[in-house]
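In the numbering used here, the protein residues as written are 6 to 228. No residue lacks a Cβ here, since even glycine has one placed at the ideal position from N, Cα and C.
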Amino acid sequence: MRQSKKQNSENSVYYKLKTAIRKRYIKQGSQLVEITLAQKLGVSRTPVRSAIKKLEAEGLVNSIPNRGAFVITPTKQEIEETFLVRAELECMATRLTAQCCTKAQLDELHQSITFETEVFDKSNLDIYYAANDRFHLQIAEISGNKVLSGYIQELLDRTRIYLILYDPFFKIEYSPTTEHLDIIEAIAAGDQQKACAAVRSHINSSINGLQAVGELPDDYISL
6 MRQSKKQNSE
16 NSVYYKLKTA
26 IRKRYIKQGS
36 QLVEITLAQK
46 LGVSRTPVRS
56 AIKKLEAEGL
66 VNSIPNRGAF
76 VITPTKQEIE
86 ETFLVRAELE
96 CMATRLTAQC
106 CTKAQLDELH
116 QSITFETEVF
126 DKSNLDIYYA
136 ANDRFHLQIA
146 EISGNKVLSG
156 YIQELLDRTR
166 IYLILYDPFF
176 KIEYSPTTEH
186 LDIIEAIAAG
196 DQQKACAAVR
206 SHINSSINGL
216 QAVGELPDDY
226 ISL
C-alpha cells in the first residue's frame with residue numbers, strides 16, 4: 006500500500022509537470038528547481054526528482070552537471086530540419102506502401118484513424134500523440150523496409166517532443182485525421198505520387214502549426 010501511494014504521488018507530479026510544460030505554464034529554458042516545485046505542489050522533493058528524471062528520459066528536460074535541470078529549447082532550424090528529414094523518409098515509406106498495401110492492412114489503418122479521432126476528441130494528448138505516431142509507423146512497417154521504419158520511429162520520437170512544446174492543440178481547432186484519410190485514400194488507389202504529396206502536405210501542416218508562446222499565463226503558479 007505504501008509503495009502504491011508513493012507511485013501515485015510520483016505519477017501525479019510527473020503529469021502535472023508535463024502538463025505545465027505542454028500548456029506553456031513553464032517556459033522553455035526554465036530551470037526545474039526541486040524545492041520550489043515541491044513547495045508549490047505540496048509534496049516532498051522525492052516525487053519531484055523522480056518526475057524530472059522521467060521528463061529527462063523523454064527528452065523534454067536536459068540536466069546540466071552543477072547547474073540543474075532545464076526544459077529544453079530546440080531551435081527553429083533544428084525543428085525544421087528534423088521535420089524535413091521525416092517528410093522525405095515518410096514519403097519514401099508511403100510510396101512503397103502504395104505498391105503493396107493489402108485490404109486488411111488498409112482496414113487496420115482506418116481503425117487506427119478511428120481510435121485517433123476518439124482520443125483527440127477527448128483531449129487525451131498522451132494517448133493521442135501515441136496513436137498519431139502509431140499511424141505513421143504503421144505505414145512505414147507496411148512498406149516492408151525495416152531500416153526505414155527504424156529511422157522513422159526515431160524521428161517520430163524527436164518530433165513528438167516538438168509537438169508537446171509547440172503544438173497549438175490548446176489554442177486552435179485542428180483535425181489531423183482528415184489529412185491522414187487523404188494519405189490512406191492515395192495508398193488505397195496505389196497512387197505513389199499522390200500519397201507522397203499527401204504526406205508532405207500533412208507534415209508541412211505540422212510545421213506551420215507549431216508555435217512558441219512567448220509569455221507565461223497568469224496562472225503559472227497553479228501548475
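Measuring CA to CA, which of the options is closest to residue i?
{"i": "L168", "options": "A200, A109, F75, S210", "result": "S210"}
{"i": "K58", "options": "E15, I189, A191", "result": "E15"}
{"i": "V204", "options": "A191, G214, N213", "result": "A191"}
{"i": "Q36", "options": "P70, Y171, L101, I118", "result": "P70"}
{"i": "E184", "options": "Q110, E121, L65", "result": "E121"}
{"i": "T80", "options": "N150, G34, T182", "result": "G34"}
{"i": "A4", "options": "I118, K151, S148, N213", "result": "Residue 4 is absent from the model: the chain starts at 6 and stops at 228."}
{"i": "K199", "options": "S17, C96, E85, Q82", "result": "C96"}
{"i": "L215", "options": "Q197, L111, Y171, T182", "result": "Y171"}
{"i": "G64", "options": "R72, R54, G73, T78", "result": "T78"}
{"i": "L114", "options": "N13, S17, I212, T182", "result": "T182"}
{"i": "D112", "options": "N13, I147, Q82", "result": "I147"}
{"i": "N150", "options": "Q44, L94, T87, L42", "result": "L94"}
Buried or exposed: residue i, going by 16 or more other Cβ atoms within 10 Å of its Cβ?
{"i": "P52", "result": "buried"}
{"i": "S206", "result": "exposed"}
{"i": "I189", "result": "buried"}
{"i": "I26", "result": "buried"}
{"i": "A92", "result": "buried"}
{"i": "S68", "result": "exposed"}
{"i": "A56", "result": "buried"}
{"i": "I208", "result": "buried"}
{"i": "A109", "result": "exposed"}
{"i": "Y20", "result": "exposed"}
{"i": "V18", "result": "buried"}
{"i": "K23", "result": "buried"}
Determine the extent of the alpha helix (DSSP H) in which residue i is found, giving its start and end residues.
{"i": "A136", "result": "130-147"}
{"i": "S211", "result": "197-214"}
{"i": "G155", "result": "151-171"}
{"i": "K127", "result": "No alpha helix (DSSP H) holds K127; DSSP gives it neither H nor E."}
{"i": "I40", "result": "39-46"}
{"i": "R29", "result": "Where R29 is concerned, there is no enclosing alpha helix (DSSP H), given that its DSSP letter is neither H nor E."}
{"i": "S35", "result": "Run containing S35: none; DSSP gives neither H nor E here."}
Ignore the nearest five residues each way along the sequence and tell me which others in residue i's own chain have a CB closer than 6 Å to its CB.
{"i": "G195", "result": "A103"}
{"i": "D162", "result": "none"}
{"i": "Q197", "result": "R100, A103"}
In the DSSP assignment, find the beta strand (DSSP E) that holds residue i and state where it starts and stops.
{"i": "I69", "result": "66-69"}
{"i": "V76", "result": "73-76"}
Is the Cβ of residue i closer than 8 Å to any Cβ of chain C?
{"i": "D131", "result": "Absent here is chain C; the protein component of the structure consists of one chain."}
Can you name, in chain order, every residue of its own chain whose Cβ lies under 7 Å from the Cβ of residue i, other than the five neighbours on each side?
{"i": "I31", "result": "A25, V76"}
{"i": "R165", "result": "Y134, D138"}
{"i": "G47", "result": "none"}
{"i": "Q201", "result": "Inspection of the sequence shows that residue 201 is occupied by Cys rather than by Gln. Once the five neighbours on either side are set aside, the close Cβ partners of C201 are C96, T99, R100."}
{"i": "R54", "result": "E39"}
Excluding sequence positions up to five away, which residues of its chain have a Cβ less than 8 Å from the Cβ of residue i?
{"i": "P222", "result": "Residue confidence is low: P222 scores 42 on pLDDT, short of 50, so the model does not pin down where it sits. Its coordinate-derived value is still stated next. Cβ within range, chain order: K28, R29, Y30."}
{"i": "I40", "result": "R50"}
{"i": "V66", "result": "L37, I57, L60, A74, F75, V76, I77"}
{"i": "Q116", "result": "none"}
- Query: Looking at C-beta atoms only, is the number of pairs between the region 153-167 and the region 127-145 that lie closer than 8 Å three or more?
  - Reply: yes
- Query: Contact between the region 60-68 and the region 104-122: three or more CB pairs below 8 Å?
  - Reply: no
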